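Top line first, the protein sequences correspond to chains A, B, C, D and E. All residue numbers for the first sequence refer to my numbering, where the first residue is 1 and numbers rise by one. All residue numbers for the second sequence refer to my numbering, where the first residue is 1 and numbers rise by one. All residue numbers for the third sequence refer to my numbering, where the first residue is 1 and numbers rise by one. All residue numbers for the fourth sequence refer to my numbering, where the first residue is 1 and numbers rise by one. All residue numbers for the fifth sequence refer to my numbering, where the first residue is 1 and numbers rise by one. Each residue gets a CB set at the ideal place from its N, CA and C atoms; glycine is no exception. It should be emphasised that the depicted structure is a prediction, and the values quoted were computed from it without experimental measurement. So the structure is just underneath, and the comments pick up after that.
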Amino acid sequence: MTEFLAAIDFSGWALHALVVLPLVGALLIVALPARWARGLALGVTLVEALIGLGLWWVFDPSLGMQLRVSIPWIPAYGVNYAIGIDGLSVFLVMLSALLMPLCVLSGWNYIETRLQGYYALLLVLLAGMIGVFIALDLFVFYVFWELMLIPMYFLIGVWGGSNRLYAAIKFFIYTMAGSLLMLVAILAMVWHRWHAMGTISFAYDDLLAYAAIGALGPLKPWLFGAFFLAFAIKVPVFPFHTWLPDAHVEAPTAASVLLASVLLKMGTYGYLRFAIPFFPAEAFAALTQAVVLALAVIGIVYGALVALVQPDVKKLVAYSSVSHMGFVMLGIWAMTVQGIQGAIIVMLAHGISTGGLFFLIGMLYERRHTRDIAAFGGLARVMPAFATVLVIVSLSSIGVPGTNGFVGEFLVLIGSFTTQPLAAGIATTGVIFAAAYLLWAVQRVVFNKLDKPENQGLKDLSRREWAILLPLLAGILWLGLYPGPVLRRTEPAAQAIVDQVRRVMPRVVPPSDLRQN
Amino acid sequence: MLALSQATPEVVAAAAGPAHWIWLAVALPLAGFVVNGALALWRPTAKRAVSIIGPGVLLAAFGVVLWVTRSVAGAHLEEPIVVHLWDWIRAGELHIPLAFQVDQLSIVMLLIVTGVGSLIHLFSVGYMREDEGYARYFSYLNLFVANMLVLVLGDSLPVLFIGWEGVGLCSYLLIGFWYQDKANADAGKKAFIVNRIGDFGFLVAMFILWKALGTLTFREIAQVAPGAFAGGSAVVTAATLFLILGCTGKSAQIPLYTWLPDAMAGPTPVSALIHAATMVTAGVYLVARTNVLFALAPMSSTLLAGIGAGTAIFAATIGLKQYDIKKVLAYSTVSQLGYMFLGVGSGAYVAGIFHLATHAFFKALLFLGAGSVIHAMHHAYHATHSHEDAQDMRNMGGLRTAMPVTFVLMSLATLAIAGFPLFSGFFSKDEILASAFARGASEPVYYLYWVAGLAAALGTAVYMARLITMTFLGGNRTGAKEAGHLHEAPWIMTGPLVVLGLLSVVGGAFNLPAFIGGHAGLEQWLEPVLAPAARIRPAMMPHGATEYLLMTVAVLIGLGGLWWGYRMTSRATLVPAAKAVPDTGFAAVLNRKYYVDEIYDALLVRPLLRFSEQVLWKEADQGGIDGTVNGVATVARALGRVGSWLQTGQVGLYLVLFLAGALYVIHAVTR
Amino acid sequence: MGSFDFLTTLDLSTPLGLSAALAPELFLTGAALIVLLFVAWRHSTAADTRMAGWLTAFSLVLGLVVLVGMGVAGTRAEGIPQMMSVDQFRWAGGAVVLIAAIATVLLSIGYLEREGIVAPEYYVLIILAVIGMLCMVGAADLIVLFLGLEIMSVAIYVLAGYDRQSAFSAEAALKYFLIGAFGSAFLLYGIALVYGATGSTNLQIIGTQLAGAKLTTMAALGLALLLIGLLFKIAAAPFHMWAPDVYEGAPTPITTFMATGVKVAAFLALVRVLIQSFPEAAVTWSPPIGILAAVTMILGNLVALSQRSLKRMLAYSSVAHAGYVLVAVRPGTPYGVAAVWLYLGAYTLTSIVTFGVLQSLGRSGERDVTLDRIAGLAEERPWLAFAMTVGMLSLLGFPGTFGFMGKWWILSASVADGERMLPVVLVLTSVVSAGYYMPVIMSMYMRKSPGAGTYADARLGRAGATVVAVAVIAVLLLGFWPAPLINYADRVADSLHTIYTSQGR
Amino acid sequence: MPVFAPELIGPSLMLSAVLFCIGVAGVLLRRNAIIVFLCIELMLNAVNLTFMAMGQLYGMSGQVIVFFVMSVAAAEAAVGLAIILSVFRHRATVDLKHVNLLQG
Amino acid sequence: MVHAVFVFFAVVAVLSAILCITQRQPVGAIMWLIVTMLALSGIFTLLGGFFAGVMQVLVYAGAILVLFMFFVMLLQLRHKESDIRGPLGWVLAVGIAGALVMQLSGVGGYSAGRVAEELTRAPEIANPAFVLPQAAEVQRATLASGAVGAVAAPMFQQWLVPFELTSLLLLAAIVGAVVLAKRRL
């Protein structure tokens, strides 16, 4: 495999292709007749998925940032189209690319109106998502970051549920509010550097180096605050989460999946890539750390408790996302290798499991046109395969060992317990509530009596639906039982962040040899 | 993919040959799960294939275990054989391989799990044959066994935890097997969630240990812990307390026992396998596994013993007034598990494990016997289209004539559980009580535990006698028409019962105490595993006369209890459930299980739900947080309207504002 | 170039040099007279009006060619320029004005026809207004600036009231006229006092006179009154109150012209005056401009939020955008000037799109085009909806559009100057603005149209459609690839600073 | 005989300011569009006085500018009155109170 | 003498201006403004602007204000009610205008000497006659080329561009006025 990829110079064009291909695909879809839209979209995303898969072999964890390319864009202002991947981003890129064909499949029959627009927007969204993860220039990052809003806005607003207009604009404005402040912060850094060094550069490395020499001075807390807020809204960190349930509930299946699986990860990715490396001292100032940890833990428990009482199954999963993302935040802010590795795994695991849940809910919705939990019950009788998959995916979301969910949560908790025992301890109660809300929901959907007449004729999973779910099930088990290869690839990146923070804030990351033995 | 742990003595090498195939014991049931699961989804009618695959894989696994046992038995392992499968989790210094460890303790458990498991699988073939979820049932059961084997084989806490949660999951699935009835699904969910509370403790315990010791494998814990922790230090106490929380969840002890009686909603063989013989004993196994920690934390041990003793007496009293045959057995199980905890808490790990084994035999037998009875009752009611409760003992009576084999075998099991001399339960229970009593010398609270244990023994004898009496003795109350339909179960069901009956009777032979000529086989067998604890906090045993005295007391209490139970029940005027008057007074309290479920519900569950819905969701989330978000929008809009309202279209006003601006600009510039 | 130096380095004291320096204005004056003659000859039918329109568009394009030619040649003046500057800033600003004017004329052709306004003098007035704007952009003397402003204003007063069937149009003209004349008086008083304080009305001589010392009382008062006069034209709060009413009442192409051309001319004049005459007084004028910028952004965006009529909403949005540009004016640095010019360019192109689409959707002034009235537009007229979407996103400053680049540079200029609050206010009010831009997109794409064929008669005319299409393409193209324009913007800014950069702050 | 009266500069400038402000007051006080415009003319005149006064010191430019201002005033008067007329045609009033179709 | 005349004209100008803005009848207001114009024309003359003074009478009083008068009559504006705003209007008008006067009052403190001083920024050498050589120029030019000629020379040389622009302005005004005012389009 590796030889083959080398032969076709895969590492030379892979990242470009990942961004450009969907954009070209989107243009083609718009340009060609509507009846080709689905097929084209599937084709493009499959190719995209293959390219994404190829990264597995070309990625070398020991190299740090790699596959770097930098093309001048606005030379006068030091803006380059600079991209690359490292251990933090490679799996998020792969997740985005691999989920996409499934998303295309999910709306295969359900989306009937404005096919061209739908599929074109999905592809644009894909390009944006991947762009965010590979951007190594803050201008480019920001452009991709914002660019994603539009397709998502349309996907929710045009193909969404009954209250879609409200949800779409809330999503849009809320996210935009955060990111614009981040824009100011980016500019402040760039121009501060310009005053000091005389050159303008938006390059990640340059700004990182500049932030590291401490010249930003009293500006730093504000800059960090701006970055923090932007990412906190995206994650979403409690209490910035209320856009999420609305957006999830109204979005069409594919958009829900991508929102949960990929878009939320951009927030936490942003922390790991930008906010923390740029401002380690601010991020881990005693008060900040305490506040963030508190918010993360509140998010975990609060999200779970509120999920418990949701009558709408999509809302339930949305709140569960708040809870899960709390784990990611906890893992990051605990600042241990295990915590960060765990955070990355939770990101992937949540991407797969919650994505799976949304796919499943979507399949139900296609059949029954309701998301009200009370409208179901006893479906296992008519849809045994569906019930089986739902239970498995739910279990992975609950974090049962052997599934992906466990590995991430376990790493996060064990990692955070070493430095933040209280927070980790409280967070661990999340595993109880997770079981409570999901199993209760599962019970009310697929178990109990099959007493609603309209549920009695429901068809079990079709072949297309199996095609969507099987890869996810494989992912769930693979990450759950054999996460080693993934962990090995992300470890250097996680270690690098911890080392960096340790250099600046030794208090936060005690050297491991302090342990008793 | 497979690698043996390095640096094992040569003797081990010989034993290791078969031992490194131990993964087969896990893989076989797992394969069974996959195949049966696939059949359940796509060929639910292929019952013959399921009948072969389901029990077949288990028998094969049993074979593998026997083979491994044989090779290990001769090796006198000082160190476990570790079968490293693959790296599971590796992050920084945290390194958790997916590895199995074969040692004396896991061998004992393997034998029980696969042996009893095989019998119960066979029994199930008969019991479940007519169920439409036959294949699904076996796939779950296979999965359960696989997980249980992972639990007992795991060489580290996280790997054990895979099995730990896995069995919980299977328990959830099997309790809710007949999910169409909401009560069953509820019971399954309850089991899982309550178990999760325990798991919370388990997880925190792991975190504490990792933080303190930097390792989670049992071998390294045993090596490192005595050096890292001072005896009774806060950290190890905390770790063990959280482990105890985990154990109370899984093994249905106070305060987390409430799920187990509800779990009887599952098919009866499931109750026998999971909720009597294997899964619920996982807590005991865990304590034995981490014996070094408990030895280092005497406070936790004492608490554990106290929980065990308390649960034993508590559950036994509830068992006295239950009418559902399975509920009686369920509370009996809770009570017996209490015994085991009393044992391991007292430092008598061998006694605990011993009781675990004997309990597996006689309780499995009791459950299967009850299953056989229920099977018969069910058929009878089915034949007459009656909707009476097939599990209510008030509807039974006099079944000894219709089901003689079951009657005899259940009577044997009753004698075993009641501690009738020379039956299996007699030895194991006696050993536990004796060690508790002996511990009392240094820690007087153990005397109290001992008394509680005795009282529980009395209770056990009483309710078991009551069970046998109500079910098999006296006249039949099933109904005139139905009585004719009551039959003994087919051989596929009675066969396993016979085997279990045999084991219940002679099971004590595995660890015959020295004073009656035994050589304490189990004790010697487990010695390498329990050595770390033995060095720190050795088990205490009374000697000589005291021992005989204690034994005599126990036997008398057991026999007295049996007699009392029989007298009490046979004198009572028994009527079928439909005509029975409700219990009153304390009997009602017992019948309603001290209202613990209701109390939990009122104090914890409902307030939490109400709080989540009304306060968190409606007030905080929608009102407070989202209200603020929308409020910002509303305020912006309102401000806009104010601005818009200022825009009156009147030039005069525009000019006034113009001039206000002009005054400001002039002021600002000329300042 | 060599032997053509006399064409690129002009001696304004000679008739030839002066004529060459004024070539675009002279050319357009000639064009205005020709069109006037044409109008005097043929003015009774719609065809005549259309013909005049094409003639005007053609002359404006030629004027643009002349202007761009001078820009490309890099024409400069020898010594301190009298009356008219000869610098890159003038060419750049003039180009934006002319683009706005060309778009206005092309949009007007269809509009006048649709509204049945047969009065080709309209186009003469547009050319005259353009000349006025060019004078404002290029003025080297406050009197020229004032006269340019007056020419522009007089023409626009009339154009605002050009739809004589409409009471709204007349009212708009009256309001604009009264407040405009009032504002002109302040501007004039400011000029008088500056003249009194320095003895000159030449921008650079004023600058030299004032260099190196604190502002005197009279100079400060003069500066203040000048600011008031120009801020009024810019429609900065609280001098903006006329703008929504006038924008709403005026014929839509004229609204476009006001939002683009007038605003561009006034802003560039303001920048030129501040940078060339009062560079050192920045400490004095920066704070009030900053505060007014903030007030303008907040007020414009908040009030726009509560508008139902799209036209009025765009009017308030135009006010808000003036606030954004003021943020870039505030630092008074070359980056700021570059940002002002870029943003004005971006806003001009975008406004052509938004007002153009708006124009196609309504009747008699488009006052009644509300969000409900564009519901489901995307289904029937996808391209119109797409254009409007691009326009809205560009106004919002969304990446991928020229508007984003503009906003990016405004923020850059402001942040680079060490400003903190204004950029934050800018972005927060931008968030507010999403609250009224996005519903437009929402209505077009996410709501059902009231019935099939609702938008069948929405049309721009071929000329208008072409203009809008070109503008959309430009907005997108420059949004992705602004590099050349940005390099040029730096040159524009430098040309204004050439003299004073050495003394700059 | 032309007079050179530099001592009048201060008073002239002050008078100019006062007249300008009277014009402003008039603009604020009146609702009749014609009178409002009249007051604006007064303001322009006041400014002319400033030009004249300063022209005393700086030469003829001041006077020249005054002529430009006059022509501006004339142009504005022509257009302004035409606009008022066209409003009057629609509304039959020139009272600014009633000129409020456009608002909000 | 000059001062007395100036004070007279100034008082007349201010009083007539105040009467202008407070006169109910439009015609009266215009008449009072004509008085103001005349007074201003006197002051222009005092300040050396003979031609400007004459033009003030001719253009403003003679043309512009007559146009106003004509217009008022054309529209037959005979208000039953006064167009003067109520008490709030008074308060605002007087208050704002007063505040504006206060702010602008700084200009009243200027003299030729102060101007010279501020231009040179050196009080000790600030002799107005030396700093402001143009001051005498007005007198000399008026004597040399007459009141009109003195204005004409700079107007067609130095101020040529603005002058031409005025013509464009007037053209725009004519076109505009015609378009708006003609009965049919």
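When C-alpha distances from THR242/A are compared across HIS121/B, LYS618/B, GLY649/B and VAL408/B, the shortest belongs to LYS618/B. In the same chain as VAL440/C, and ignoring 5 residues on each side of it, the C-beta atoms closer than 6 Å to its own belong to MET392, in chain order. With distances taken between CA atoms, ALA304/C lies nearest to TYR436/C out of LEU18/C, TYR436/C and ARG90/C. Between the alpha carbons of TYR331/B and PHE138/B lies a gap of roughly 26 Å. The segment 114-164 of chain C is shown to contain whole alpha helix (DSSP H) runs of 4 or more residues at 121-138 and 142-160, in chain order.
GLY232/B counts as exposed, since fewer than 16 other beta carbons sit within 10 angstroms of its beta carbon. Sequence-distant Cβ neighbours of LEU481/A in its own chain, meaning closer than 8 Å and more than five residues away, are GLY402. In this structure, the straight-line span from the alpha carbon of ALA215/A to that of ARG507/A is close to 22 Å.
Taking the beta carbon of ASP490/C as reference, the chain A residues within 9 Å of it are ALA76, listed in sequence order. Of the residues VAL36/D, CYS39/D and ILE65/D, the one whose Cα lies closest to the Cα of LEU49/D is ILE65/D.
Taking 8 Å as the CB threshold, VAL651/B lines the interface with chain C. Under the three-state reduction of DSSP, ILE96/E is assigned to helix. The DSSP-derived three-state label of ILE84/E is strand.
Cβ-Cβ distances below 7 Å link LEU478/C to PHE402, MET405 and LEU485 in the same chain, with the five nearest sequence neighbours on each side left out; the list follows chain order.
Pairing ILE233/A with THR268/A, the inter-Cα distance amounts to about 10 Å. Residue contact with chain B for ILE96/E: present (Cβ-Cβ distance below 8 Å to some residue of chain B). Closest in C-alpha terms to VAL118/C, from the list VAL179/E, VAL12/E, TRP32/E and GLN25/E, comes VAL179/E. In the structure shown, the three-state DSSP call for PRO33/A is coil.
Per DSSP, ALA297/B is not a residue of any beta strand (DSSP E), being assigned neither H nor E. No Cβ-Cβ contact shorter than 8 Å links MET100/A with TRP57/A. In the structure shown, PRO72/A falls within a strand segment according to DSSP collapsed to helix, strand and coil. Residue contact with chain C for PHE37/D: present (Cβ-Cβ distance below 8 Å to some residue of chain C).
Cβ proximity to chain C below 7 Å picks out nothing from the segment 45-67 of chain E.
Using beta-carbon distances, ARG91/D does not count as an interface residue toward chain B, since no partner is under 8 Å.
Below the 9 Å Cβ cutoff, chain A contributes GLU146, LEU147, LEU149, ILE150 and MET176 as neighbours of PHE398/C, in chain order. Taking 4 residues as the minimum length, the alpha helix (DSSP H) runs contained wholly in the segment 27-84 of chain D are 33-58, in order along the chain.
If you draw a straight line from the Cα of THR75/C to the Cα of THR256/C, it comes to about 30 Å. When Cβ-Cβ separations below 8 Å define contact, ILE151/C makes contact with chain E.
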